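> Numbered according to the numbering used here, the sequence shown spans residues 6 to 233.
Ideal Cβ placement from N, Cα and C applies to all residues, glycine included.
Remember, it's a predicted structure, so these values are computed and weren't measured experimentally.
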Amino acid sequence: MNTIADNLAFVRERIAKAAERVGRDPSSVTLAAVSKMHPVEAIREAYAAGQRCFAENYAQHLRDKSTSLRDLVDIEWHFIGHLQRNKVKYVIAAGATIQTVDSEESVTDLNRAADAASRTIDCMVQINIGDESQKSGVAADAAEPVLQAVEAAAGLRLTGLMIIPPWDLEPEETRKYFIALRELRERLGGRTRLPKLSMGMSGDFEQAVEEGADIVRVGTAIFGERGL
Ligand SMILES: *Cc1c(COP(=O)(O)O)cnc(C)c1O
Numbered sequence: 006m007n008t009i010a011d012n013l014a015f016v017r018e019r020i021a022k023a024a025e026r027v028g029r030d031p032s033s034v035t036l037a038a039v040s041k042m043h044p045v046e047a048i049r050e051a052y053a054a055g056q057r058c059f060a061e062n063y064a065q066h067l068r069d070k071s072t073s074l075r076d077l078v079d080i081e082w083h084f085i086g087h088l089q090r091n092k093v094k095y096v097i098a099a100g101a102t103i104q105t106v107d108s109e110e111s112v113t114d115l116n117r118a119a120d121a122a123s124r125t126i127d128c129m130v131q132i133n134i135g136d137e138s139q140k141s142g143v144a145a146d147a148a149e150p151v152l153q154a155v156e157a158a159a160g161l162r163l164t165g166l167m168i169i170p171p172w173d174l175e176p177e178e179t180r181k182y183f184i185a186l187r188e189l190r191e192r193l194g195g196r197t198r199l200p201k202l203s204m205g206m207s208g209d210f211e212q213a214v215e216e217g218a219d220i221v222r223v224g225t226a227i228f229g230e231r232g233l
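#1: By the 10 Å Cβ neighbour count, where 16 or more other Cβ atoms means buried, how is Gly224 classified, buried or exposed?
#2: Counting beta carbon pairs with one atom in the stretch 209-226 and one in the stretch 164-184, are three or more of them shorter than 8 Å?
#3: Return yes when the C-beta of Ala226 is under 7 Å from any heavy atom of ligand 1, and no when it is not.
#4: Using 8 Å as the threshold, is the stretch 65-77 in touch with the stretch 94-105, meaning 3 or more CB pairs across them?
#5: Taking Cβ to Cβ, would you say Lys201 is nearer than 8 Å to Ile227?
#6: Taking Cβ to Cβ, would you say Met129 is nearer than 8 Å to Thr164?
#7: So, is Ala159 buried or exposed, given that buried needs 16 or more other C-beta atoms within 10 angstroms?
#8: Quick check: does the Cβ of Gly208 come within less than 7 Å of any heavy atom belonging to ligand 1?
#9: Going by CA-CA distance only, name the one from Arg75, Asn91, Asn133 and Ala14 that's closest to Ile169.
#10: Have a look at the DSSP bridge pairing and note the partners of Arg162.
#11: For Asn12, which residues in the same chain have their Cβ closer than 7 Å to its Cβ, ignoring the five residues on either side in sequence?
#12: Could you pull out every unbroken beta strand (DSSP E) segment of at least 3 residues lying fully inside the stretch 172-207, listed in chain order?
#13: Apart from the five residues on each side of it in sequence, which residues of its chain come closer than 7 Å, Cβ to Cβ, to Gly208?
#14: Of all the options His87, Pro150 and Ala54, which has the alpha carbon lying nearest to the alpha carbon of Asn62?
#15: Within a Cβ cutoff of 8 Å, which residues of the same chain sit near Asp120, ignoring the five residues on either side of it in sequence?
#16: Which term fits Gly55, buried or exposed, when burial requires 16 or more other beta carbons within 10 angstroms of its beta carbon?
#17: Rounded to a whole number of angstroms, what is the C-alpha to C-alpha distance between Ile97 and Ile126?
#18: For a test of your reading of the model: does the CB of Ile85 fall under 7 Å from any non-hydrogen atom of ligand 1? Yes or no.
#19: Quick one: Cα of Ala47 to Cα of Arg19, how far?
#20: Report the partner residues of Phe59 according to the DSSP bridge assignment.
#21: So, at 7 Å on beta carbons, what are the nonlocal neighbours of Ile184 in its own chain, with the 5 sequence-adjacent residues on each side left out?
#22: Count the other CB atoms within 10 Å of the CB of Phe59; is the residue buried (16 or more) or exposed (fewer)?
#23: Based on DSSP bridge pairs, tell me the residues matched to Arg222.
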């Protein structure tokens, strides 16, 4: 069986090859290791293999794991789950980048919690690109006011856009969503305003890198199937 270190090396190599295919510098792509539903021991193993950026999708899990891994001082957390009002404080306490901001109300909640914790929190706005069935994310044509709300919030810093395409597509079918997000960024102010695009998971991160992903979120290809 492959170890987490083996899997990480293979994922990093695939990212590098995808970047090179389109003339990108591989080091411009951040790999966020999605450790959701995996124990802290698995995170320590990945950390020992050089991985620093980890993503969780339940606020309590993020709180618990970041607390028990406090000794790993340069670890970086991202929150990729649906934001629930009463749990925002856990995400803020972990100092995580929040990738799933999707309404002006959530901006208000986050800013209040960031202020209370005297923190500045990196935020990405989650976009629901033309997919009626997907519940979370703000529609592309309604994104501007949410971006402005983040920019106006003293405790928050706007760092980019994120998408979760429909789950059941083939990798090549998700490519059009990656392209759409890249084009949306151009319409909304480009890289200067929105430095990072978070897109691509285990099944399609190579396509995402080819289309300009700055952050890919990879779980299964690193940690194996989720148990817990
Ligand atoms: C679980 C999850 C991932 C990782 O999915 P894998 O297919 O295991 O790589 C990425 N992004 C989000 C938002 C997730 O919830």
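Well, looking at it:
#1: Looking up residue 224 in the sequence shown gives position 219. Classification of Gly224: buried, given that the 10 Å Cβ count is 16 or more.
#2: yes
#3: The residue you call residue 226 lines up with position 221 of the sequence shown. At least one heavy atom of ligand 1 lies closer than 7 Å to the C-beta of Ala226.
#4: yes
#5: Numbered from its first residue, the sequence shown carries residue 201 at position 196. Numbered from its first residue, the sequence shown carries residue 227 at position 222. No, these two residues do not count as a Cβ contact at 8 Å.
#6: Start at 1 with the first residue of the sequence shown, and residue 129 comes out as number 124. Start at 1 with the first residue of the sequence shown, and residue 164 comes out as number 159. Yes, the Cβ-Cβ distance between Met129 and Thr164 is below 8 Å.
#7: Residue mapping note: residue 159 aligns to position 154 of the sequence shown, counting from 1. Burial call: exposed.
#8: For the purposes of this step, residue 208 is taken as residue 203 along the sequence shown, with counting starting at 1. Checking the Cβ of Gly208 against ligand 1 gives yes.
#9: In the sequence shown, the residue the question calls residue 169 occupies position 164. Ile169 has its Cα closest to that of Asn133, out of Arg75, Asn91, Asn133 and Ala14.
#10: Position 157 of the sequence shown, counted from the first residue, corresponds to residue 162. Arg162 pairs with Asp127.
#11: Taking the sequence shown and counting its residues from 1, the one referred to as residue 12 is at position 7. The answer, listed in chain order, is Ala226 and Ile227.
#12: 201-203
#13: Reading the sequence shown from its first residue, position 203 is the one you call residue 208. Cβ neighbours of Gly208 beyond the five flanking positions: Pro176.
#14: Numbered from its first residue, the sequence shown carries residue 62 at position 57. The shortest C-alpha separation from Asn62 is found at His87.
#15: Translated into the one-based positions of the sequence shown, residue 120 becomes position 115. So the qualifying residues of the chain are Ala159 and Gly160.
#16: Numbered from its first residue, the sequence shown carries residue 55 at position 50. Result: exposed.
#17: Within the sequence shown, residue 97 is the residue found at index 92, counting from 1. Within the sequence shown, residue 126 is the residue found at index 121, counting from 1. If you take the alpha carbons of Ile97 and Ile126, they lie about 7 Å apart.
#18: Within the sequence shown, residue 85 is the residue found at index 80, counting from 1. Ile85: yes, Cβ under 7 Å from ligand 1.
#19: Taking the sequence shown and counting its residues from 1, one reaches residue 47 at position 42. Taking the sequence shown and counting its residues from 1, one reaches residue 19 at position 14. Across the structure, Ala47 and Arg19 are spaced so that their CA atoms are roughly 21 Å apart.
#20: Within the sequence shown, numbered from 1, the residue matching residue 59 stands at position 54. In the DSSP assignment, Phe59 forms a beta bridge with Ala38 and Trp82.
#21: Sequence index remark: in the sequence shown, residue 184 carries index 179 (1-based). These residues qualify, in order along the chain: Glu216.
#22: Position 54 of the sequence shown, counted from the start, is the residue given in the question as residue 59. Buried, because 16 or more other Cβ atoms sit within 10 Å of the Cβ of Phe59.
#23: Within the sequence shown, numbered from 1, the residue matching residue 222 stands at position 217. Paired residue(s): Ala37.
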